Amino acid sequence: MKKILITGGKGLVGRNAGEILSDDFEVFSFGKDELDITDRENVIKIFNEIKPDIVLHSGALTDVDLCEENPEKAYLVNSFGTQNVSVASQNIKAYLIYLSTDFIFDGKKNSPYSEYDIPNPLSIYGKSKLLGEYFVSHLSDKFLIIRTSRIFGKGGRNFASKIPFLMKEKEKIFLTEDIINSPTYVVDLVNTIKFLIKKEVFGILNFSNKGFCSWFDYGKKIKEFLGLETEIIPVKFKDFKEKKAQRPPFSALNTELIESLGFKIPDWEYSLKVFLEEIWK
Ligand SMILES: NC(=O)c1ccc[n+]([C@@H]2O[C@H](COP(=O)([O-])OP(=O)(O)OC[C@H]3O[C@@H](n4cnc5c(N)ncnc54)[C@H](OP(=O)(O)O)[C@@H]3O)[C@@H](O)[C@H]2O)c1
0 MKKILITGGK GLVGRNAGEI LSDDFEVFSF GKDELDITDR ENVIKIFNEI KPDIVLHSGA
60 LTDVDLCEEN PEKAYLVNSF GTQNVSVASQ NIKAYLIYLS TDFIFDGKKN SPYSEYDIPN
120 PLSIYGKSKL LGEYFVSHLS DKFLIIRTSR IFGKGGRNFA SKIPFLMKEK EKIFLTEDII
180 NSPTYVVDLV NTIKFLIKKE VFGILNFSNK GFCSWFDYGK KIKEFLGLET EIIPVKFKDF
240 KEKKAQRPPF SALNTELIES LGFKIPDWEY SLKVFLEEIW K
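Given below as structure tokens:
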């Protein structure tokens, strides 16, 4: 059985990957406490000890507003932490999979972004993740960068897992109508990663569920699926004064390239329904 090492093992992707991939791989999953990717010596030591065939690098500082307030920390973890993971993976010739983001784009294109579009991040988070991409692609001979967006699922801090309970409590909620991207169900993402590992795909690939929506549309779908009463009021992003980082206004991902490999991707509405049925019993 091949060995896979997961960074950020206690995060949304890390937890789900640890569970789903354990049927096919020997999984070594590390949370931040056990493997801090900013500690280069320890990263190299652990990688040399385990000698994984594959590294799934999901550890990151993902709070976009926190990154904006703490650029040093954002670059330390997302860029230089990724540099450490790249060096350690290359030392042992492991196949490195790095999760990147639609936030590397400025969102001004007005149609879904393909792998060939030029990045132009607006936020520190986006910039730090893009620098992470450069480290991966320059330091590793066997890498796959998967650009994904708005991940939802069990076991993490995400809108789809929190909002149904908030909607149940509140008479009205406010959601932005001017930030649009593609939701991604973590189970679909991890199954895709499994498929790509088996096919030994290298390079850069987009993956999200099919379609796109604003947070307002997304909330409306959740309300509709669960038969909730709450009123959803559309607002503009600029109304949320506490949100420090600029988001791309339209950063849906074009998934034609991965579909051309024979992978069928469910629509976001379908996968959202599957997920809600699981958490709303
Ligand atoms: N979530 C999304 O919508 C989304 C969209 C596009 C791309 N991505 C990318 O997908 C990957 C996985 O995201 P996710 O949704 O699973 O995020 P997440 O739930 O925030 O998980 C990331 C994990 O990394 C850990 N981490 C933070 N600093 C670390 C360090 N120095 N060393 C090792 N681990 C560290 C975090 O620990 P703490 O929580 O204790 O800090 C957290 O458990 C990330 O690379 C992210 O950039 C996510």
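In this text, residue positions in the sequence shown follow numbering that gives the first Met the number 0: the first is 0, and each later residue adds one.
In this text, a Cβ means the ideal position worked out from N, Cα and C, and glycines have one as well.
Computed from a prediction, not measured in an experiment: that's the story for all the values here.
* Measure the C-alpha to C-alpha separation of ASP22 and MET0 and round it to an integer number of angstroms. => 10 Å
* Asked: Where PHE239 and PRO248 are concerned, what is the direct C-alpha to C-alpha distance, given to the nearest angstrom?
  -> 14 Å
* To do: Go to GLY218, then tell me how far its beta strand (DSSP E) extends in each direction, as first and last residue.
  => Taken as a continuous stretch (DSSP letters only), GLY218 belongs to no beta strand (DSSP E), being part of the alpha helix (DSSP H) at 214-225.
* Asked: Any heavy atom of ligand 1 closer than 8 Å to the CB of GLY106?
  -> no
* Asked: When you compare only the Cα positions, how much space is there between GLY58 and MET166?
  -> 30 Å
* Determine the DSSP secondary structure at VAL296, reduced to helix, strand or coil. => Residue 296 lies beyond the range of the chain shown here (0 to 280); nothing can be said about it.
* **Short Cβ contact (9 Å threshold) for ASN253 with ASN208** => no
* Asked: For PHE29, does the count of other Cβ atoms within 10 angstroms reach 16, so buried, or fall short, so exposed?
  -> buried
* Label LEU260 either buried or exposed according to how many other C-beta atoms from any shown protein chain fall within 10 Å of its C-beta, with 16 as the threshold for buried. => exposed
* Of the residues LYS219, LYS92, PRO233, LYS198, the one placed nearest PHE262, counting alpha carbons only -> LYS198
* Can PHE102 be considered in contact with ligand 1, in the sense that its beta carbon sits closer than 8 Å to one or more heavy atoms? -> yes
* To do: Grab me the residues of ILE150's own chain with a C-beta within less than 7 Å of its C-beta, minus the 5 sequence neighbours each way, in chain order.
  => LEU11, VAL12, ASN157, THR183, VAL185, LEU188
* Any 3 or more C-beta pairs closer than 8 Å across the stretch 111-119 and the stretch 69-82 -> no
* To do: Flag this pair as yes or no: are the beta carbons of PHE53 and LYS9 separated by less than 9 Å?
  => For the record, residue 53 in the displayed sequence is Ile; it is not Phe. It is not a contact, given that the beta carbons lie outside the stated cut-off.
* Under the rule that 16 or more other beta-carbon atoms within 10 Å means buried, what is ILE117, buried or exposed? -> exposed
* Asked: Heavy atom of ligand 3 less than 8 Å from the Cβ of ASN109, yes or no?
  -> No copy of ligand 3 occurs in the structure displayed; its ligands are ligand 1 alone.
* C-beta contact flag for ALA87 and LEU275 at 9 Å -> no
* Asked: First and last residue of the beta strand (DSSP E) that includes LYS171?
  -> 171-175
* Asked: Based on the DSSP secondary-structure assignment, which residues constitute the bridge partners of ARG146?
  -> SER99, ASN205
* Under the three-state reduction of DSSP, which class applies to LEU60: helix, strand or coil? -> coil
* To do: In angstroms with no decimal places, state the Cα-to-Cα distance between ASN41 and TYR217.
  => 41 Å
* Round the Cβ separation of PHE46 and ILE5 to the nearest angstrom and send it over; I've been treating them as touching at under 8 Å. => 12 Å between Cβ atoms; not a contact.
* CA-CA distance, LEU195 and ILE257? -> 9 Å
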